[in-house]
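Enquirer: In the UniProt record's numbering, the protein residues as written are 1 to 80.
1. Would you call residue 29 buried or exposed, if buried means 16 or more other Cβ atoms sit within 10 Å of its Cβ?
2. Below 8 Å CB to CB, which residues in the same chain sit around residue 70 once its five sequence neighbours on both sides are set aside?
3. Kindly give me the distance between the Cβ atoms of residue 62 and residue 14, rounded to whole angstroms, as I take these residues to be in contact under 8 Å.
4. Distance, Cα to Cα, residue 76 vs residue 65?
5. Measure the Cβ-Cβ separation of residue 59 and residue 74 and say whether it is below 8 Å.
Rendered as structure tokens:
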């Protein structure tokens, strides 16, 4: 098993230019940090398509500055 390091809160960086979607290999637009550890990267299409499910498992996210994620509002509402 490979150990996973979880970055401190607030230090999660957005997807790098060379990162690809974990679903289809398109350019990454959204990076999620998961409650159980680890991260996922999604393209804009899959990030929005699966937003309802992703907000249930993510503890933190960062998006490409030019991308608006549909789950952002739900993430901010779940922390209140």
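All C-beta atoms in this analysis are idealised placements derived from N, C-alpha and C, irrespective of residue type, glycine included.
Quick caveat: nothing in here was measured; it's all calculated off a predicted structure.
Expert: On the basis of the coordinates in this document:
1. Along the chain shown, read from residue 1 onward, the residue named residue 29 stands at position 29. By the 10 Å Cβ count, residue 29 comes out buried.
2. Here residue 70 corresponds to residue number 70 of the chain shown, with the count starting at 1. Taken in chain order, the residues that qualify are 47, 48 and 51.
3. Sequence index remark: in the chain shown, residue 62 carries index 62 (1-based). Sequence index remark: in the chain shown, residue 14 carries index 14 (1-based). Their Cβ separation, rounded to whole angstroms, is 4 Å, which keeps residue 62 and residue 14 in contact under 8 Å.
4. The residue labelled residue 76 in the question sits at position 76 within the chain shown. The residue labelled residue 65 in the question sits at position 65 within the chain shown. For residue 76 and residue 65, the distance between alpha carbons rounds to 17 Å.
5. Sequence index remark: in the chain shown, residue 59 carries index 59 (1-based). Sequence index remark: in the chain shown, residue 74 carries index 74 (1-based). No, they are not a contact pair.
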